[in-house]
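Enquirer: Following the numbering used here, the numbering of the sequence shown begins with 3 at its first residue and continues without gaps.
Ideal Cβ positions, reconstructed from N, Cα and C, are used throughout, including at glycine.
The structure displayed is predicted, hence computed values, not measured ones.
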Amino acid sequence: MAAEQRITEEIIVDGSDLPMWAIKKIEPMRSKVSGWVDASSRSLDSYFGTDDFLDVDNRSYLRVSEELEWMDSEGFTNSIGTRFKVDMPTTKKRLKLVFESNPEETQTEEEERNRRAANRDLEETKNSSVIGLEKSSDTDPKKAWRTRVNGGLKLRTPLDPYLRVSSRRMWEQKDGPWYLESYNRASWFNSEGYSVRSRWELNRRLSETSILRFTSQLQWREEQDKMQFGQRVELSKVLNARTVVRWAMIAELESASNLHVEDYYVQMNFRRDIHDEVLFLDFVPELHFAEEDEYDPRWAVILRLEFYFRADFVKE
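(1) If you check the beta carbons only, do PHE309 and VAL88 fall under 8 Å apart?
(2) What's the C-alpha gap between ASP19 and VAL247?
(3) Pull up the DSSP beta-bridge partners for SER200, would you.
(4) Label PRO299 either buried or exposed according to how many other C-beta atoms from any shown protein chain fall within 10 Å of its C-beta, with 16 as the threshold for buried.
(5) Drop a sphere of 10 angstroms on the beta-carbon of TYR164, count the other beta-carbons inside from all chains shown, and report buried for 16 or more, exposed for fewer.
(6) Which stretch, first to last residue, makes up the beta strand (DSSP E) that contains LEU46?
(7) With DSSP run on the structure shown, which of helix, strand or coil describes LEU281?
(8) Would the beta-carbon of ASP284 fall within 8 Å of that of ILE304?
(9) So LEU305 is in the beta strand (DSSP E); what residue range does that whole segment cover?
(10) By the 10 Å Cβ neighbour count, where 16 or more other Cβ atoms means buried, how is LYS145 classified, buried or exposed?
(11) What does DSSP give as the partner residue(s) for TRP249 in the beta ladder?
(12) Taking its Cβ as the centre, do 16 or more other Cβ atoms sit within 10 Å of ILE133, making it buried, or is it exposed?
(13) Taking just the CA atoms, how far does LEU307 sit from ILE276?
(14) First and last residue of the beta strand (DSSP E) that includes TRP72?
(15) At the level of alpha carbons, what is the spacing between ASN152 and MET22?
(16) LEU204: which of GLY195, TYR196 and LEU214 sits nearest, CA to CA?
(17) What distance in whole Å lies between the Cβ atoms of ASP265 and ALA292, which are believed to be in contact at a cut-off of 8 Å?
(18) Take ARG234 as the anchor and find which of TRP222, SER48, LEU255 and GLU194 has the nearest alpha-carbon.
(19) For SER169, which beta-bridge partners are listed by DSSP?
(20) Roughly how far, in whole angstroms, is the beta-carbon of SER138 from the beta-carbon of ARG150, given that I think they are within contact range, below 8 Å?
(21) Going by C-alpha distance, which of ARG273, SER209, ARG187 and VAL58 is nearest TRP249?
(22) Counting pairs of Cβ atoms below 8 Å between the segment 73 to 91 and the segment 36 to 44, do you hit three or more?
(23) How would you call VAL268, buried or exposed, if buried means at least 16 neighbouring beta carbons within 10 angstroms?
(24) Taking the beta carbon of GLN230 as the centre, do at least 16 other beta carbons fall within 10 Å, making it buried, or is it exposed?
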């Protein structure tokens with residue numbers, strides 16, 4: 003789990019910003035869809051696993067996201083994304099079924115960094131959904147590399163097989179505020195070839211509610227045959243029990259024959275749990291200085307809603 007997600011998940015959520023008429027509309031849908039998520043995941047777990055499938059915690063979830071983006075001189079764009087992750091905890095091989103509408107291998111460096119910073123899996127969904135099985139080790143990433151192997155099909159015509167191998171490791175300073183985290187992934191898609199991505203994050207806890215983060219990331223895709231680099235400095239702050247804000251400065255670099263800055267920008271990401279750890283709102287203004295605009299300032303604003311359906315909600 004990425005560091006920016008951890009600080010969000012440490013928040014104890016209580017309450018809702020929605021009026022009662024909206025809550026009455028949402029709750030029946032939440033119960034129905036969450037029940038389907040729970041029943042589907044446990045049914046698959048019973049097929050692959052043991053008779054304990056009804057008694058164990060199941061961390062399956064469905065996330066549906068909608069994003070509206072405005073860019074100066076380009077107007078509005080809208081996109082919808084989904085991610086369905088089925089946990090099968092009683093299987094001996096610790097298998098998970100994963101469906102996602104836009105795998106990170108299909109995104110540029112900038113798209114993936116924005117997605118990760120806002121805890122999302124969005125962008126254009128056409129011909130970019132994948133479904134597969136995932137096996138992960140039980141290794142504690144604080145002690146050794148934790149690996150995951152994922153394979154399946156990209157849902158297109160003709161079907162496109164893929165394979166991924168990823169690893170994660172964390173090093174913490176003893177009795178100190180610093181910790182280093184690394185995430186690496188190598189992927190192969192039959193239609194697009196190989197891709198490699200590596201991310202390193204140096205984090206410093208400033209207090210119980212804030213983290214300073216320095217992120218370096220590189221990506222190579224065989225289809226483009228060029229390196230993309232990114233540098234990010236970010237301050238994450240928990241404002242209250244349901245709100246997180248992040249301020250960031252980002253530089254996007256690219257190397258074909260020579261290394262150059264493609265875009266650099268400042269960003270503020272305001273994330274609010276607007277209903278009971280189910281419905282989240284992100285408001286993200288950005289100021290870009292891109293090479294294609296001769297580094298003239300250009301504004302962008304992202305408004306995003308995320309709806310989570312989790313199996314554990316059915317038991318509450």
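Expert: According to the structure data:
(1) Here the question's residue 309 lines up with position 307 in the sequence shown. Here the question's residue 88 lines up with position 86 in the sequence shown. The beta carbons of PHE309 and VAL88 sit no closer together than 8 Å.
(2) Here residue 19 is taken as the residue at index 17 of the sequence shown, counted from 1. Here residue 247 is taken as the residue at index 245 of the sequence shown, counted from 1. Rounded to the nearest whole angstrom, the C-alpha separation of ASP19 and VAL247 is 17 Å.
(3) The sequence position of residue 200 within the sequence shown is 198, counting from 1. Note: SER200 sits in a beta bridge opposite ASN186 and LEU220.
(4) Counting from one through the sequence shown, the residue named residue 299 turns up at place 297. PRO299 should be labelled exposed.
(5) Position 162 of the sequence shown, counting from 1, holds the residue named residue 164. Burial call: buried.
(6) The residue labelled residue 46 in the question sits at position 44 within the sequence shown. Where LEU46 is concerned, there is no enclosing beta strand (DSSP E), although the alpha helix (DSSP H) it sits in stretches over 22 to 50.
(7) On the sequence shown, residue 281 is found 279 positions in, with the first residue counted as 1. Correct three-state label for LEU281: strand.
(8) The residue labelled residue 284 in the question sits at position 282 within the sequence shown. The residue labelled residue 304 in the question sits at position 302 within the sequence shown. In terms of Cβ geometry, ASP284 and ILE304 form a close pair [threshold 8 Å].
(9) In the sequence shown, the residue the question calls residue 305 occupies position 303. Secondary structure note for LEU305: its beta strand (DSSP E) is the uninterrupted segment 299 to 312.
(10) As a first step, residue 145 is located in the sequence shown; it is residue number 143 there, counting from the start. Exposed is the call here.
(11) Here residue 249 is taken as the residue at index 247 of the sequence shown, counted from 1. DSSP lists LEU237 and MET270 as partners of TRP249.
(12) As a working note, residue 133 is residue 131 in the sequence shown. It is exposed - the Cβ of ILE133 has fewer than 16 other Cβ atoms within 10 Å.
(13) As a working note, residue 276 is residue 274 in the sequence shown. As a working note, residue 307 is residue 305 in the sequence shown. The alpha-carbon atoms of ILE276 and LEU307 are separated by roughly 10 Å.
(14) Translated into the one-based positions of the sequence shown, residue 72 becomes position 70. Counting along the chain, the beta strand (DSSP E) containing TRP72 begins and ends at 63 to 73.
(15) Counting from 1 along the sequence shown, the entry for residue 152 is found at position 150. Counting from 1 along the sequence shown, the entry for residue 22 is found at position 20. Taking the CA atoms as reference points, ASN152 sits about 42 Å from MET22.
(16) Along the sequence shown, one-based indexing puts residue 204 at 202. Closest option to LEU204, judged by alpha-carbon separation, among GLY195, TYR196 and LEU214: LEU214.
(17) Numbered from its first residue, the sequence shown carries residue 292 at position 290. Numbered from its first residue, the sequence shown carries residue 265 at position 263. The distance from the Cβ of ALA292 to that of ASP265 is about 4 Å, consistent with a contact at the 8 Å cut-off.
(18) Numbered from its first residue, the sequence shown carries residue 234 at position 232. The residue from TRP222, SER48, LEU255 and GLU194 with its alpha-carbon nearest to that of ARG234 is LEU255.
(19) Along the sequence shown, read from residue 1 onward, the residue named residue 169 stands at position 167. Partner(s): THR149 and ASN186.
(20) Mapped onto the sequence shown, residue 138 falls at position 136. Mapped onto the sequence shown, residue 150 falls at position 148. With a Cβ gap of about 4 Å, SER138 and ARG150 count as contacting.
(21) For the purposes of this step, residue 249 is identified with residue 247 of the sequence shown, where counting begins at 1. Each of ARG273, SER209, ARG187 and VAL58 was checked against the Cα of TRP249, and the nearest Cα belongs to ARG273.
(22) With the cut-off at 8 Å, the segment 73 to 91 and the segment 36 to 44 touch.
(23) Working through the sequence shown from its first residue, we reach residue 268 at position 266. With fewer than 16 other Cβ atoms within 10 Å, it is exposed.
(24) Counted from its first residue, the sequence shown places residue 230 at position 228. Buried, because 16 or more other Cβ atoms sit within 10 Å of the Cβ of GLN230.
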